[in-house]
Amino acid sequence: MDTLQFLTWVRGTGLNIALVIFVLGVLWRLAEIYGLGRKKDLSAPRNMPGASGWATILRRSLPPPGMLPTSPVSYIAGYVFHVGLAVVAFLFAPHIALLTSIVAAAWPGLPSQVVDFVTVVTMAAMIAVLIDRIARPVKRFLSTFGDWFTWTLTFLPLLTGWLAVHHLLLPYTLMLAVHILSVELLLVFLPFTKLFHAFTAFGSRWFNGAMNGHKGVPV
Amino acid sequence: MSASLDKGVRVLKEMIDAPIASYFSSCVHCGICAEACLFYTETGDPKYTPIHKLEPMRRIYEQEYTLLGRLAKRVGLSKAVTDAELAEWQELVYNSCTLCARCSAVCPVGNDIVYMVRKMREGMSAAGHSPEGIKGAVTRTINIGSPMGVKLPAVKAQMKHAEADYGIPIPLDQEGVEYLVTLSSMEIINFPEYLGAIAKIMRHVGKTWTLSSEAFEATNAGMQIGNSDLARVIVSRVVAGAEKLKVKTVISPECGHAYTALRWEGANLIGRPFTFKVQHIVEVLEEFRAAGLLKLEGMATDRLTFHDPCQLARRGGVIQPQRNLMKMVAKDFVEMPDAGFMNWCCGGGGGASSIEEGEELRLEAFKRKKRQLEAVKPDRLVTACANCRIVLEEGLEHYKMNLPVVGLTETIAEHIPDA
Amino acid sequence: MRITNDQEFKAALAALDNCSRRQATAYLIRQALDLTPDTRVRAGLDLAVRCDANEADLAVAASGVNSARVATYTQCGHDANWTCQASHFVARAAQECVKPEISASGAWEAAMQARMARICQAIAAGEGTSNREAEAQYRALEAYLNSKEGQP
Amino acid sequence: MKSVLPDCPGQTVGEALLRRGVSRREFLQHCGLLAALLALPAAAAEQLATALAKARRPSVIWLSFQECTGCTESLTRSASPTLERLIFDLISLDYHHTLQAASGAAAEAAREAAMKENAGKYLVVVDGSVPLGNPGYSTIAGVANIDVLRETVKDAAAVIAMGTCAAYGGLPAAQPNPTGAVAISELVKDKPVVNIPGCPPIATVMTAVIAHYLAFGALPELDGLGRPKAFYGETIHDRCYRRPFYDQGKFAETFDDEGARRGWCLFKLGCKGPVTYNACATMKWNGGVSFPIQSGHGCIGCSEPGFWDGGGFYEALSMPARPLQAGVAAAAAGVAAGVAVTFFNRRKKAAAKAGHETTTLEDLEQ
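So the protein sequences, as listed, match chains U, X, Y and C.
With the working numbering, letter number 129 in the first sequence gets 127, and the count goes up by one each step, no holes.
With the working numbering, letter number 262 in the second sequence gets 385, and the count goes up by one each step, no holes.
With the working numbering, letter number 129 in the third sequence gets 111, and the count goes up by one each step, no holes.
With the working numbering, letter number 78 in the fourth sequence gets 167, and the count goes up by one each step, no holes.
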């Protein structure tokens, strides 16, 4: 298999396989989780402005009072790499072109140089959280194979994409194929690892917000 | 698998619902919950990381309710939960967790960790892995009616004493009054002045009220140990008493978990909504204040601060009322750092204070409260939970800090002019 | 002088100066000393009856009495031992006596805590709720006042 | 450098050029250009000129197999007498069944004669792929391509695979490859093979390779795919004059929109420039007039292996082949599986609940 065939495979069959597993996996996992249901709360609710599931979905995007200094790396590098991932994934022109073909909607992208800069910053932030995971006793204590594995899964698309754009290490065609393959691996594993928080974090925040909101506590 | 373990696992399977599944699926092992937990921040031991306290429950969730978990269990990659493991976790689930919910308030993905610990305790207690101290409290509550073995004659003696002290009659078993006042054993035993303060306040605002000979005890050790079957038996007594006397409102005493047990868990335990309202005494006082019924005299000139009981504030939604009340009686009211919603636990909530073997850890955790107090240097510390009060006093005594601790209700009562 | 009820009792306490009130209250609390084995409480009361007690001595005594008080709390969820609880209330009563200033309401408070201690004893013994301590306190206060009158 | 120059009698390149009226000055200029194209240092131009002038015209045998003659067209259709034209004229093209005057037995006799006279010294240029499926798919004078190739290459000095078909199999080898077409490099293992892919290839590349060979007696440096690095070292995208628009995120969305008129990047219209290694963007076509992207059409990647099967010409490189169909099917299956798993999990939970034994005080003590 030469590199163009490899690229063709990852763009065609490979992507199809990855998308099928991703879509199937996401729906399966969502059903597995939310299908369990919960009991109705029979206690009399206390209404309080800002105490609801929806409010918590938004509010939890910011560190609660006093928490930022306790885990600065988790928070700051966490923000940087999450925002960075979103920018790189959704505002890079070739990615938009790809998504447009799937969701039939288009939006303006950012100049390549900006995306390039964001990619570097994002990778730096991811390395920072990795070092933090190794250096911080709690994080190291909690870490399992899954944590290292998912970090790698997330980092590879950034690294390979950046190397491909800069024509480093491997010929562009091969690197582009490796890049797409790394994204496919990410898609395949996302529903079955902690990366699934990309979906469930919103549900979790909603439950937390709704259940405490019932008590009039804006969590 | 022993019968008790089997039972515990089955209870956990029953407990796992969509929120718990969502929470376990969302955790990214960021460790931020540890930073919110005083047992971690004061000891630096990572095993006290809140989400780690749920590890056995997480495995049962994965093994029973997820595709990959079932596969992993089948091929032996995921080990079944054992009795020895639950025994090891007992310390984490009870001694080092006061159900304070700070972790639930900070988790970036929104996990309500304390909700899970509460459910985890259901399985732990069913499997026979709960601390002797809380077991004793539950046994006494079921058999005697109070976690501390208080019987009606003792209550009557205290009533008589308070009547003598304040010169106000204390009604018992009066039907059709507005308020049914409940007590915690702590108040009957250690703080009888609470009862006198209530009598004084009720006379001042002109409200009708009563104690009940059947439902004087508001606490619920069944909820602390985390067993709904037993908690249901206990809460049913209050429900029966309140419905028998046809009161409009049941007042939960200055006790944190009693409020959670009555206000939030009660209706769910008995499986139907209450026919009466449940309010914490602080909420009732706030209503009196807002209605202009509290005409207080004099202001304390010493520096006062308020310790928020977790179950009242973060878990109960009562945060502003106590501040409004404090400002009525204190010229110099200062807030500790993180006060209110993010307040730090005294270290003895959720049944932890009745676990003898947990005392050393509790005192270690108290360092957080000590720092908070040192930051504002108050002359007196006010709170609204008898358990907080004693845990605070013990901590202050241990660290040789000379700081009186008083209850909010009696502080308000002190400023009510003599009739 | 004869004291027959709490009103008269309160009035008599209020009429005293600070030192006398401390002395009188300490005598009252001593009526309940049989309920505590704690030497810190006893020592505190011994100091309180002396009019020459200085603030430093009082502070040391107060610290000891406070430790005795906190140590005898019945912790949440623990089985109540009413006999121990009686000693808690004696310590609590004694605490008022070792404060630098003892107000009339503080003295009343101390007396009530001592009565509470006696109630605890009654509960522990499974007796009724009749309170013998009030009468004992009236007599003790009368005796104190009479002894003071005898002095120049 | 070991000389493999053909030591045959006849004109040198220099003599032939002089006879055709090319001045030494012009010749030197051409050599300078060639040196630049071959990415040689400036001093090499003089060396190249000297060596080239002395070189004898080599015998070249051109074999055409499964091809369309487009490669030959590319070489011969130069609008003006360009350098490649001059050089091309100055080899001794002894066999080329499209261009030669002779036909039939005479033509084949010419090939045999050239091979015999220049054994070990002649060059073989091949355009088109060789069918391995059935020898009868493509024959010359009744002889299967594979046999002609084997016979001709036996005594050759080197082989140049002209065009994508010869280099990689090209269009005949596109799926499902009915003739079993293969590239020349898969059949010739004992002689140096230079691939000059492109559909068609740039003529100058071939002349430059021959010039290099004549001047230095060796083939130029090749990459992993057997292509001269000097021409195939960078992608079209790297050298494209529209690259700044790509970097700014300015793309033509259709062939007649404002972006297309302004000459923005054609990436979204399927340009394969980013994965195509060729010199079109720098050397251009028709005497440097233009190249596909300049004329408004994206690169189709014709010089890459398997380009025909590399996805639609008008699908952007980042585009998946057919994601929607699969996605919809997966979504449907996911919903069905979700309903099933929900039912299963709920039943399991209900069973645990039904099996609930009310906890008594004794249970706490287990």
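In this text, a Cβ means the ideal position worked out from N, Cα and C, and glycines have one as well.
Keep in mind it's a predicted model, so treat the numbers as computed, not measured.
8 Å Cβ cutoff, residue i in contact with chain X
i: Val52 of chain Y; result: yes
i: Asn434 of chain C; result: yes
i: Ser72 of chain U; result: yes
i: Cys66 of chain Y; result: no
i: Ser49 of chain Y; result: yes
i: Gly59 of chain Y; result: yes
i: Asp452 of chain C; result: yes
i: Asp114 of chain U; result: no
i: Ile19 of chain U; result: no
Short Cβ contact (8 Å threshold) for residue i with residue j
i: Met218 of chain C; j: Cys254 of chain C; result: The displayed chain sequence assigns Ser, not Met, to residue 218 of chain C. Yes. Within cutoff.
i: Pro173 of chain X; j: Ile236 of chain X; result: yes
i: Leu89 of chain U; j: Thr148 of chain U; result: no
i: Gln13 of chain Y; j: Ala96 of chain Y; result: yes
i: Val298 of chain C; j: Ile235 of chain C; result: no
i: Met173 of chain U; j: Phe153 of chain U; result: no
i: Leu212 of chain C; j: Ala247 of chain C; result: yes
i: Ala363 of chain X; j: Tyr32 of chain U; result: no
i: Leu15 of chain Y; j: Leu29 of chain Y; result: no
i: Glu454 of chain C; j: Lys258 of chain X; result: yes
i: Val71 of chain U; j: Ala122 of chain U; result: no
Candidates the options, of which the one nearest residue i by Cα
i: Arg491 of chain X; options: X:Ile139, X:Val132, X:His152, X:Cys160; result: X:Cys160
i: Asn207 of chain C; options: C:Ala426, C:Lys243, C:Ala196, C:Pro381; result: C:Lys243
i: Met449 of chain X; options: X:Gln402, X:Leu417, X:Glu245, X:Lys176; result: X:Leu417
i: Ala363 of chain C; options: C:Phe380, C:Gly390, C:Ala443; result: Looking at the sequence itself, residue 363 of chain C is Pro, so the reference to Ala does not match. Nearest C-alpha to Pro363 of chain C: C:Gly390.
i: Val428 of chain C; options: U:Val186, U:Ser69, U:Ile15, U:Leu28; result: U:Leu28
i: Asp455 of chain X; options: X:Pro501, X:Glu487, X:Gly272; result: X:Pro501
i: Trp397 of chain C; options: C:Ala245, C:Asn266, C:Glu201; result: C:Asn266
i: Thr158 of chain C; options: C:His185, C:Ala138, C:Ala300, C:Ala132; result: C:His185
i: Leu406 of chain C; options: C:Leu355, C:Ala125, C:Val424, C:Gly103; result: C:Leu355
i: Leu140 of chain U; options: X:Gly415, X:Arg426, X:Cys153, X:Ile312; result: X:Cys153
i: Thr68 of chain U; options: X:Ile155, X:Cys220, X:Met282, X:Ser201; result: X:Ile155
i: Arg395 of chain X; options: X:Ala423, X:Leu484, X:Val358; result: X:Val358
i: Lys377 of chain X; options: X:Pro527, X:Ile393, X:Ala341, X:Glu520; result: Just to set this straight, residue 377 of chain X is Glu in the shown sequence, not Lys. Taking only the C-alpha atoms, the option nearest Glu377 of chain X is X:Ala341.
i: Asn510 of chain X; options: X:Val240, X:Leu128, X:Ile312, X:Glu366; result: X:Ile312
i: Ser336 of chain X; options: X:Tyr382, X:Asn391, X:Ala280; result: X:Ala280
Close-in-space but distant-in-sequence residues of the same chain around residue i (CB under 7 Å, 5 per side omitted)
i: Val24 of chain U; result: Pro189, Phe197
i: Glu316 of chain X; result: Glu533
i: Gly421 of chain X; result: His538
i: Glu286 of chain X; result: Pro292, Ile293
i: Ala202 of chain C; result: none
is_contact[residue i, chain U] using C-beta, thresh 8 Å
i: Ala168 of chain C; result: With a pLDDT of 48 at Ala168 of chain C, under the threshold of 50, the modelled position of that residue is not reliable, and no figure is offered here.
i: Ala349 of chain C; result: no
CB contact check: residue i to chain C, cutoff 8 Å
i: Ser248 of chain X; result: yes
i: Arg138 of chain U; result: no
i: Gly349 of chain X; result: no
i: Lys454 of chain X; result: no
Own chain partners of residue i with C-beta closer than 6 Å, once the 5 adjacent residues on each side are dropped
i: Gly48 of chain U; result: Pro216
i: Asp288 of chain X; result: Gly319
i: Thr65 of chain Y; result: Ala106
Contact set for residue i: own chain, Cβ-Cβ below 8 Å, skip 5 residues either direction
i: Ile132 of chain U; result: Arg138
is_contact[residue i, chain Y] using C-beta, thresh 8 Å
i: Asn218 of chain X; result: no
Taking three-plus beta-carbon pairs below 8 Å as touching, is the stretch 320 to 327 of chain X in contact with the stretch 377 to 392 of chain X? Because the criterion of three Cβ pairs below 8 Å is not met, the stretch 320 to 327 of chain X and the stretch 377 to 392 of chain X do not touch.
Does the stretch 145 to 162 of chain X come close enough to the stretch 199 to 206 of chain U to have 3 or more Cβ pairs within less than 8 Å? Touching, yes, given that three or more Cβ pairs across the two stretches are closer than 8 Å.
Would you check if the stretch 347 to 357 of chain X and the stretch -7 to 0 of chain Y touch, i.e. whether three or more CB-CB distances between them fall below 8 Å? Judged by Cβ distances under 8 Å, the stretch -7 to 0 of chain Y makes no contact with the stretch 347 to 357 of chain X, as fewer than three pairs qualify.
Using 8 Å as the threshold, is the stretch 442 to 453 of chain C in touch with the stretch 352 to 363 of chain X, meaning 3 or more CB pairs across them? Segment contact: the stretch 442 to 453 of chain C against the stretch 352 to 363 of chain X, three or more CB-CB distances shorter than 8 Å; contact assigned.
State whether the stretch 455 to 467 of chain X contacts the stretch 499 to 519 of chain X, with contact taken as three or more CB pairs (one from each stretch) at a distance under 8 Å. Judged by Cβ distances under 8 Å, the stretch 455 to 467 of chain X makes contact with the stretch 499 to 519 of chain X, as three or more pairs qualify.
Per the contact definition of three or more C-beta pairs closer than 8 Å, is the stretch 303 to 319 of chain C in contact with the stretch 138 to 152 of chain C? With a cut-off of 8 Å on Cβ pairs, the stretch 138 to 152 of chain C is in contact with the stretch 303 to 319 of chain C, counting three or more such pairs.
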